[in-house]
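See below for the structure under consideration.
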Amino acid sequence: MPRILPDVLKNLFRKPATVKYPKQRRALPENFRGKPVIDKEKCISCGLCVKVCPDNAITLDEKTKKPRIWMGLCMMCGRCAELCPRKVFTMSKEFELATYNKYEAMSE
Amino acid sequence: MTFIIPIGPQHPALEEPAHFRIEVKGEEIVGVDLRLGYNHKGIEQGLSDRSYAHGLYLSARVCGICNSTHSLAFTRAVESVAGIECPDRARYIRVIDAELERIHSHLLWAGVAAHEIGFTTLFMLFWRDRELSLDMRELLFGQRIYASGTYLGGARVDIKEKDIPQLIRTLNKLEKSVKHYIDVCTSDRTIIARCSGVGVLKKKDARELCAVGPTARASGVDFDIRRDDPYAAYGEIPFDVIVEQDGDVFAKVVVRLREILESIDIIRQAIDAMPKGAIRTKFPENVPENEAVGRTEAPRGELMYYVRSNGTNKPERVRIRTPSYANWPSVRPMLVGGTIADIPIVVASIDPCFSCTDRVTIIDTKTGKSRIMTKEELRRLRK
Amino acid sequence: MFPGILFAGAVGLLFAGIDRKLTGHMQNRIGPPIWQEFLDVGKLFGKEDITPTAANSFVFNCAPLLCFGAIMAVMLLLPINSSQPVLTSVGDLIVIIYLLNIPAVCMMLAGYASGCPFGTIGSSRYMVQLLGYELAFIIAALAAAAKVGWSLSLSSIVSYQAQNGWMVSQVALIPAAIAILIAAQGKLLRAPFDIPEAESEIVHGSLTEYSGPKLGILRIAYDIELFVVAAVIVVLFFGGPVPHTIYGIYIPGVVGFLIKCLGIVVLSTVIRNIAARLRIDQALKFFWTFPTLLAAISLFLVVVT
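See below:
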């Protein structure tokens, strides 16, 4: 008697393990690294974020000298959030970043 | 009269591109020729162009399934070069990171192997339980696959007290499931018919062809870096190394499934024994001139990083030898003498990870015909 | 129309859809909706029709039509609503068994005519498997026929069961029922015997080079074959179409017949999900020992008593 048979028959009456995304969403843990969100008021334009980003995704705007992240390169590693002296960056829980024009996907 | 069957680069049996030319007579295989190199990414050059802190992230992206182990091996090599020791709590966090990854990698492999022999139900059930281990990585480290738990000089994040009960609950659930799956796989007659006696790698061949990891341990070669050359906190946590003697695909299945149970046990012991304290020490920007080798036990075998520094903040040369690369030559004695129906399961039994394999191109010097051309030659040919 | 192409097509595709939905739930996921097969086949008919240049185009193009035609002919020969099939003058058991072999032969020819190595291997495996299951199928069918005094007409088998209860309720024929169910699993190319179309080994076996409307016709033929083989088993062993009258409402025989066929399909689905795929030499050895022996025991018991 195959031992998988009781599993298969039990599964017929069990709720499926599928999460019906996007109608249902799971709760994300608090450590979750999603899109970095920038709080421009706190920024002192030191330029440290530009140096520590492994992908060179952060640039400072020419006029306002505030940071801007291009999401096409950002790998959401969290170094900017960790090493900024004024805590300008926070890793939000947003991960649904698909867009029609990737050059417009900026976080600022 | 032999007949050549091409498998790949696009084939349902392989997830990633490789090219096999298999000579068959009827259903029996008489010769195997292998060509790799479709996935060459130029990572070793990239590591020499980036500083150590940035290179850590690139080394993790050599492979998606064993990423924690790659960054851990890089960290071990670079910390040896710089002469830095990381704090105790960080060593235990690295163990938890690496073992959670071993669980997810072995469950992924088990599902893929079940799909290769046509048992789709087990494939779905294994991958359903793999989600539990990925949820744990997300809870502790922030992302499911690229957890980046290690950092040069310590660990990136700390494990909070309030997450530990959920971790223990999930580990208990996983342990019950995996024990049930071991029971199913060792007793199901169709799985035994497909896997046992198939793709046998004798112990002598395994030693001569330098097979590593579960591929070698299933043939009786008793070698595991975690026990024989301990790193992180493995020296302080007792565990068993699973070794089987038969060398066929069934032995490899049993070795990998039992290793999942050992990993769950190691994580539990690590949580209990973890000391309190800091998780990072300062790592210098410029690393003095030195060279070192860092080895870890990836889910697929022994992974080796060689790093040479020259006093600046970028390494001079990084050389990576992955376990999948070392296991490919052992495919030939496993396949010759078998049938076509065995090809997918035998190739899958060494757990090939093509991202890990193709960082150097292979030039076949035996038959002059199948050389892979370099870019210069192609450019010359175009004119 | 009834029980012509529309009825057979609709029921066959519906059963295939139910099979996929049940498989999904057994694997703890949500399967596709029940009408997914209709959508798949409809999509295939809208695609471009391609014949590879290396293929023998006459055989390549005719094979799907021959498959489909043979299956429809069997549909017309089965007693579905009452104990008389639609074509009464031609049919008997041997003709049905031969007609059910034609799709297999067509798939083999199609595989060889495809001009690709996967087709050749798929066809050679199909031939070996045909040798395996056909013997068990024929002996089990003959056991049922022997019970009725060696009459090979399906109408007489159905009438016998209407009077004496299902064939399966007689102990001597239970091994034959088990044998024919296993042989049907091999005939329908479902796990553990889906070797000729093993996806992870030889892409799609004989059907690799087919796409577009030709693949659509082959898909419909395959799904109707699911219904037809279940129908043959129900007619031989499980009573066939019997009209009932419950609480004064007359239920025609076809409803009970469809429900019984669905039961066989569900049984086949459960077996499909609990086994891995066997190798062709193991499958041949298995077919020639276990089901053939069971069917032979049944035939012997029926003849002796």
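Protein chains in written order, with the working numbering: chain W, 17 to 124; chain L, 57 to 439; chain R, 7 to 311. Using N, Cα and C, we set each Cβ at its ideal position, and we do this for glycine too. Since the model is a prediction, treat every value here as computed from it, not as a measurement.
- Task: Step through the CB atoms of chain W and report whether any lies within less than 9 angstroms of the CB of L/S189.
- Result: L/S189 is outside the set of residues whose beta carbon lies under 9 angstroms from a beta carbon in chain W.
- R/I223 CB to nearest chain W CB: under 9 angstroms? no
- Message: Output needed in chain order: residues of the region 241–273 of chain L with a Cβ under 8 angstroms from some Cβ in chain R.
- Response: D244, T246, I247, A249 and R250
- Query: Can you find a C-beta in chain L that's less than 9 angstroms from the C-beta of R/L284?
  - Reply: yes
- Would you decide whether R/A14 is buried or exposed? Buried here means 16 or more other CB atoms lie within 10 Å of its CB. R/A14 should be labelled buried.
- Quick one, are the C-beta atoms of R/M81 and R/S212 less than 9 angstroms apart? In this structure, the beta-carbon distance from R/M81 to R/S212 does not fall below 9 angstroms.
- Give the interface partners of W/P18 over in chain L, defined as CB-CB distance under 9 angstroms, in chain order. V240, S243, D244, R245 and T246
- Message: For W/A44, report the span of its beta strand (DSSP E) as first-last.
- Response: According to the sequence displayed, residue 44 of chain W carries Leu and not Ala. Here W/L44 belongs to no beta strand (DSSP E), and DSSP marks it neither H nor E.
- What residue from R/N107, R/A119 and R/P39 has the CA that sits closest to R/P58's CA? If we check each option's Cα against that of R/P58, R/A119 comes out closest.
- Query: When you check each C-beta in the region 25–49 of chain R against every C-beta of chain W, which residues fall closer than 8 angstroms?
  - Reply: Against chain W - using a Cβ distance shorter than 8 angstroms - the residues of the region 25–49 of chain R are L28, G30, H31, M32, Q33, N34, R35 and I36.
- Could you check the C-alpha separation between R/V17 and R/L194 for me, to the nearest Å? In this structure, the alpha-carbon of R/V17 lies about 16 angstroms from that of R/L194.
- Item | Within 9 angstroms, strictly: CB atoms of R/C122 and R/T251 | no
- Write down every uninterrupted run of the beta strand (DSSP E) in the region 291–364 of chain L whose length is 3 residues or greater and which is fully enclosed by it, in chain order. Counting only runs of 3 or more, we get 346–354.
- Message: Just to confirm, is the Cβ distance from R/P297 to R/A69 under 9 angstroms?
- Response: no
- Query: With burial defined as no fewer than 16 other Cβ atoms inside 10 Å of the residue's Cβ, what is the status of R/F263: buried or exposed?
  - Reply: buried
- Message: List, from N- to C-terminal side, the beta strand (DSSP E) runs of 3 residues or more that fit wholly inside the region 251–294 of chain R.
- Response: 255–257
- Residues sharing a beta bridge with L/R77, DSSP: L/P62 and L/D89
- Query: What is the rounded straight-line gap between the Cα of L/R117 and the Cα of L/N123?
  - Reply: Rounded to the nearest angstrom, the two C-alpha atoms are 6 angstroms apart.
- Message: Is the separation between the beta-carbon of W/K102 and that of W/C69 shorter than 9 angstroms?
- Response: Just to set this straight, residue 102 of chain W is Arg in the shown sequence, not Lys. Judged by beta-carbon spacing, W/C69 lies beyond the 9 angstroms limit of W/R102, meaning their Cβ atoms are not closer than that value.
- Query: Roughly how many whole angstroms lie between the Cα atoms of R/V276 and W/M17?
  - Reply: Approximately 13 angstroms between the Cα atoms of the pair.
- Helix, strand or coil at R/V101 according to DSSP, with G and I counted as helix: helix
- Cβ atoms of R/L242 and R/I163: under 9 angstroms apart, would you say? yes
- Message: Taking 9 angstroms as the threshold (beta carbon to beta carbon), is W/K39 in contact with chain R?
- Response: no
- Task: Can you tell me which of the three DSSP states L/Y202 falls into?
- Result: coil
- Length at least 4, wholly inside the region 190–249 of chain R: the alpha helix (DSSP H) runs in chain order: Counting only runs of 4 or more, we get 205–208 and 219–243.
- Drop a sphere of 10 angstroms on the beta-carbon of R/Y256, count the other beta-carbons inside from all chains shown, and report buried for 16 or more, exposed for fewer. exposed
- Task: Would you identify the three-state DSSP class for L/R283, choosing helix, strand or coil?
- Result: Note: L/R283 maps to helix in three-state DSSP.
- Item | Classification of L/S365 by the beta-carbon crowding that lies within 10 angstroms, buried from 16 upward | Buried, by the Cβ-count rule.
- Report the rounded CA-to-CA distance for L/K431 versus R/Q33, giving the unit in angstroms. Bear in mind that a pLDDT of 45 at L/K431, under 50, signals an unreliable position, so the model cannot answer this.
- Query: At what residue ranges does the region 169–230 of chain L contain a whole run of the alpha helix (DSSP H), taking only runs of 4 or more?
  - Reply: 176–197
- So is L/L90 in contact with chain R if we call contact Cβ pairs under 9 angstroms? no
- Message: Distance cutoff 9 angstroms, beta carbons only. Does L/A74 sit that close to anything in chain R?
- Response: no
- Query: In the DSSP assignment, what residue or residues form a beta bridge with W/T147?
  - Reply: Outside the displayed span of chain W (17 to 124) sits residue 147 of chain W, for which this structure offers no information.
- Message: Whole angstroms are fine: how far does the CA of L/T206 sit from the CA of L/R212?
- Response: Distance between the alpha carbons of L/R212 and L/T206: 6 angstroms.
- Task: Note the first and the last residue of the continuous alpha helix (DSSP H) segment covering W/T34.
- Result: Unbroken run through W/T34: none, as it is neither H nor E.
- Task: Note down, in chain order, each residue of its chain lying with its Cβ closer than 7 angstroms to the Cβ of R/I365, except the 5 sequence neighbours on either side.
- Result: Here chain R has residues from 7 to 311 only, and residue 365 of chain R is not among them.
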